[in-house]
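S.K.: In this note's numbering, the protein residues as written are 2 to 827. Encoded as structure tokens, here's the structure I'll be asking about.
Following this line, the structure appears as structure tokens:
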């Protein structure tokens with residue numbers, strides 16, 4: 002069964018005890034002999050310290066030969082002085098079916114909680130006579146021991162990072178003992194296995210485009226304080242993003258309004274991404290590979306926005322195993338199941354339902370309150386992912402439904418005083434495949450209705466309904482070892498929109514509908530010459546309505562980067578970005594202006610990225626010149642994305658008269674190790690606007706000169722994790738009331754404002770979080786306590802006044818909010 006041919010010593014090692022190899026069961030029926038040649042390193046005690054396959058047969062025979070060799074004992078080699086020495090030898094293991102030893106023990110080794118195969122552990126078996134055998138765990142977690150002598154054997158699973166686990170079995174002739182181990186991974190950052198081969202996967206290099214693309218993965222943010230484990234909410238902690246008032250679910254990116262930025266699902270635009278009040282997002286983060294924040298100067302793949310872009314990118318890898326979890330906290334319950342359906346298909350179902358309405362309403366009613374506030378939301382996603390030799394098909398259905406009502410008055414406690422709804426249903430298909438010659442193709446669409454409504458007693462109602470289709474055809478080609486790369490495609494956004502605004506306080510009712518289409522071609526070539534990479538591109542956005550209105554925007558863009566060293570990169574970009582007016586603003590029948598054109602933003606930025614050990618540093622200087630902004634009719638009803646504006650209001654007709662300037666510096670220092678994640682982000686900026694020619698330049702309503710966030714999460718032994726987040730932000734500007742006038746007709750006071758002369762106090766909050774994970778044999782339980790605004794600081798968020806405008810009554814944010822939650826996963 003063995004022979005020795007080579008040694009690096011004066012006298013070769015001498016075989017003392019040869020462990021019998023296990024003949025692979027799948028090959029036993031063929032009855033064919035086999036031989037595997039191994040290269041062994043034998044230490045000065047005669048133990049085998051390393052075993053590598055020199056001449057293999059197939060994986061089953063090779064694994065069996067390695068198992069046998071590691072349990073083989075030698076008399077050590079001797080050097081020229083006659084002292085024991087290390088030696089390297091060739092060792093042949095022969096497999097003879099007639100002499101195949103009998104299987105004695107077989108079983109599996111899996112990680113506790115997840116039930117994933119623990120292929121990186123070692124199994125040691127010690128017999129009644131002190132003899133030792135070793136077994137290798139295959140990729141499926143299986144092992145086998147053959148030819149064991151009768152009697153008690155102690156089996157030990159031992160490997161760094163795992164709890165040591167022992168079992169004693171009684172080996173008897175003619176009997177196979179079955180045994181399953183569940184090993185607990187207690188310190189994953191300490192797992193080191195020098196015997197594991199390193200596999201390097203070389204992927205095609207793609208062209209980099211965005212200067213300020215910052216990507217978060219689900220593992221990055223699951224335990225971050227203040228985010229509730231929500232991957233999109235975590236984006237609000239990055240530089241370039243200002244803090245929205247009252248924590249509403251909106252993003253204020255680089256000095257622009259919430260409606261100037263957009264959310265995408267793999268390049269297809271979503272109507273919204275946050276539930277009411279920003280408590281959670283409408284898509285389960287466990288379905289996502291990552292979320293990218295594109296603050297500005299982004300690819301021609303994206304358009305029709307002046308602000309930033311948040312792209313939710315779905316994980317396209319098939320799961321290695323089926324998994325799921327249920328999460329329960331004080332606000333909502335979430336369920337997620339991902340099931341493997343064959344080797345190339347997976348099915349995912351996830352849903353979330355808040356129960357504020359189910360819990361709060363009975364409590365308030367029992368307390369005798371005449372008004373019941375009952376917010377609630379739910380969402381659902383189902384997804385089918387199928388991979389073929391030709392490409393990958395991804396089908397997904399999404400729905401989201403939010404409702405908020407204020408009920409009751411003196412006459413009818415069930416009457417709706419204020420009601421607000423926001424809902425959508427979307428069907429998404431995405432097909433990606435390799436079409437040859439280095440080109441990849443993508444075809445996708447996102448189709449479905451969305452609506453939002455507002456009710457105000459006694460009979461006021463406003464509603465918007467949209468039916469949209471977002472199609473994309475795209476071709477990409479990476480560098481493939483060459484000097485040029487390409488991206489080109491057509492982004493088609495089309496559909497129909499209807500609206501009705503009948504709220505007495507906002508004047509004459511408005512009602513209308515229109516069909517629209519925007520077929521937008523784009524092209525983006527890239528060249529790379531040594532450390533220098535240039536990406537140019539142009540996007541053409543037509544905007545066509547079925548009532549005779551049309552306009553077009555042509556947006557050229559250029560990005561350059563230089564990899565000065567492996568750890569240093571310089572980036573610079575300049576480009577134009579355009580956003581179309583709303584359909585209501587251009588319809589003459591609704592007091593619109595058919596001569597309106599797209600608003601424009603000329604953006605420029607310069608950035609530096611520097612890695613210093615485990616710390617990544619980023620600094621970006623940015624600026625934007627805004628022109629052709631649509632202004633006017635601020636007295637008309639609209640669905641506010643934030644607090645309503647204070648006066649004085651621009652009640653003139655719609656016009657492209659607005660201009661603006663935005664400039665600032667973003668800084669990010671990020672530390673990520675196997676145990677610790679932390680970052681310090683800072684944004685210093687100024688955003689101003691001029692509504693009409695001749696007006697004085699004024700601060701933008703969301704201008705925040707300073708925004709600071711410090712955040713850290715650290716993993717401790719025994720399943721504990723702690724974290725904290727500190728936030729500071731300048732208060733938003735507002736127009737103070739300096740006088741009031743009595744209106745005898747309405748019998749109320751009218752305010753007189755002093756524009757742009759005051760600012761709300763600065764915001765500060767400290768959030769803390771602690772997690773504890775309990776691992777059981779087949780599942781894991783995580784408990785957490787997340788305390789927001791732990792110092793209970795009173796933060797004025799929006800300025801309000803008494804009914805007679807005699808004094809200010811600011812609206813403050815939430816006090817200290819402790820949230821306890823549970824998450825069970827399998």
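No residue lacks a Cβ here, since even glycine has one placed at the ideal position from N, Cα and C.
Using 10 angstroms around the beta-carbon of residue 506, count the other beta-carbons present and answer buried if the total reaches 16, otherwise exposed.
M.R.: Per the 10 Å Cβ criterion, exposed.
S.K.: Kindly list the residues whose CB is nearer than 7 Å to the CB of residue 547, restricted to its own chain and excluding five residues on each side of it in sequence; keep chain order.
M.R.: The residues are 515, 516.
S.K.: Is residue 341 helix, strand or coil when you go by DSSP?
M.R.: The answer is strand: DSSP assigns residue 341 an E or B state.
S.K.: What are the boundary residues of the alpha helix (DSSP H) that residue 173 is part of?
M.R.: Taken as a continuous stretch (DSSP letters only), residue 173 belongs to no alpha helix (DSSP H), as it is neither H nor E.
S.K.: Helix, strand or coil for residue 831? Go by DSSP, reduced to three states.
M.R.: Here the chain comprises residues numbered 2 to 827, so residue 831 is not present and cannot be evaluated.
S.K.: Let me know the beta strand (DSSP E) ranges lying completely inside the segment 108-169, each 3 residues or longer, listed in chain order.
M.R.: Counting whole runs of 3 or more residues, the segment 108-169 contains the beta strand (DSSP E) stretches 123-127, 133-137, 143-147, 152-159.
S.K.: Which residue comes first and which comes last in the beta strand (DSSP E) that contains residue 450?
M.R.: Where residue 450 is concerned, the enclosing beta strand (DSSP E) stretches over 440-457.
S.K.: In whole angstroms, what is the alpha-carbon distance linking residue 654 and residue 696?
M.R.: The alpha-carbon atoms of residue 654 and residue 696 are separated by roughly 16 Å.
S.K.: By a C-beta neighbour count over all protein chains shown, 10 Å radius and 16 as the cutoff for buried, is residue 69 buried or exposed?
M.R.: Residue 69 is buried by the Cβ-count criterion.
S.K.: Per the DSSP calculation, residue 466 is bridged to which residue(s)?
M.R.: Note: residue 466 sits in a beta bridge opposite 452, 499.
S.K.: At the level of alpha carbons, what is the spacing between residue 450 and residue 241?
M.R.: Going from the Cα of residue 450 to the Cα of residue 241 covers about 32 Å.
S.K.: Alpha carbon to alpha carbon, how far is residue 429 from residue 289? Give it in angstroms, no decimals.
M.R.: Answer to the nearest angstrom: the Cα atoms are 15 Å apart.
S.K.: May I have the straight-line CA-CA distance separating residue 699 from residue 528, to the nearest angstrom?
M.R.: When rounded, the distance between both Cα atoms is 42 Å.
S.K.: Could you have a look at residue 671 and say whether DSSP puts it in helix, strand or coil?
M.R.: Reduced to three states, the DSSP call for residue 671 is strand.
S.K.: Which same chain residues, not among the five before or five after residue 602, have their C-beta less than 6 Å away from its C-beta?
M.R.: Answer for residue 602: 307, 578, 625, 627, listed in chain order.
S.K.: So what does DSSP say about residue 331, is it helix, strand or coil?
M.R.: In the structure shown, residue 331 sits in coil (DSSP, three-state: anything other than H, G, I, E or B).
S.K.: Using DSSP's beta-bridge definition, name the partner residues of residue 739.
M.R.: Looking at the DSSP assignment, residue 739 forms no beta bridge with any residue, so it has no partner.
S.K.: Please determine, among 810, 236, 297, the residue with the shortest C-alpha to C-alpha distance to residue 275.
M.R.: It is 236.
S.K.: Would you list, in sequence order, the uninterrupted alpha helix (DSSP H) runs of no fewer than 4 residues that lie entirely inside the segment 476-532?
M.R.: Runs found: none.
S.K.: For residue 131, which option in 115, 151, 114 has the closest C-alpha, if you only look at C-alpha atoms?
M.R.: Considering only alpha carbons, the answer is 151.
S.K.: Report the three-state DSSP secondary structure of residue 633 (helix, strand or coil).
M.R.: The answer is coil: DSSP assigns residue 633 none of H, G, I, E or B.
S.K.: Assuming residue 145 contacts residue 110 under a Cβ cut-off of 8 Å, what Cβ separation, rounded to an integer in Å, is found between them?
M.R.: About 12 Å; that fails the 8 Å criterion.
S.K.: If you draw a straight line from the C-alpha of residue 95 to the C-alpha of residue 154, how long is it?
M.R.: Using only the alpha carbons, I get a separation of about 26 Å.
S.K.: What separation, rounded to the nearest whole angstrom, lies between the Cα atoms of residue 157 and residue 787?
M.R.: Residue 157 and residue 787: Cα-Cα distance of roughly 39 Å.
S.K.: Ends of the beta strand (DSSP E) at residue 63?
M.R.: Element bounds for residue 63: not the beta strand (DSSP E) but the alpha helix (DSSP H), 60-71.
S.K.: Buried or exposed, going by whether 16 or more other CB atoms sit within 10 Å of the CB of residue 755?
M.R.: With fewer than 16 other Cβ atoms within 10 Å, it is exposed.
S.K.: Tell me, please, whether the segment 450-461 touches the segment 470-490 by the rule of three or more beta-carbon pairs shorter than 8 Å.
M.R.: Touching, no, given that fewer than three Cβ pairs across the two stretches are closer than 8 Å.
S.K.: Whole angstroms are fine: how far does the CA of residue 115 sit from the CA of residue 128?
M.R.: So the two alpha carbons sit approximately 31 Å from each other.
S.K.: Could you give the DSSP three-state label for residue 697: helix, strand or coil?
M.R.: If DSSP states are grouped into helix, strand and coil, residue 697 belongs with coil.
S.K.: So, with DSSP's three-state summary, where would you put residue 821?
M.R.: Strand, per DSSP.
S.K.: Would you mind sorting residue 223 into buried or exposed? The rule is 16 or more other CB atoms within 10 Å of its CB.
M.R.: Result: buried.
S.K.: Please determine, among 693, 691, 692, 731, the residue with the shortest C-alpha to C-alpha distance to residue 707.
M.R.: Ranking 693, 691, 692, 731 by Cα distance to residue 707 puts 731 first.
S.K.: Excluding five sequence neighbours on each side, which residues of the same chain lie with their C-beta closer than 8 Å to the C-beta of residue 640?
M.R.: The answer, listed in chain order, is 453, 455, 463, 465.
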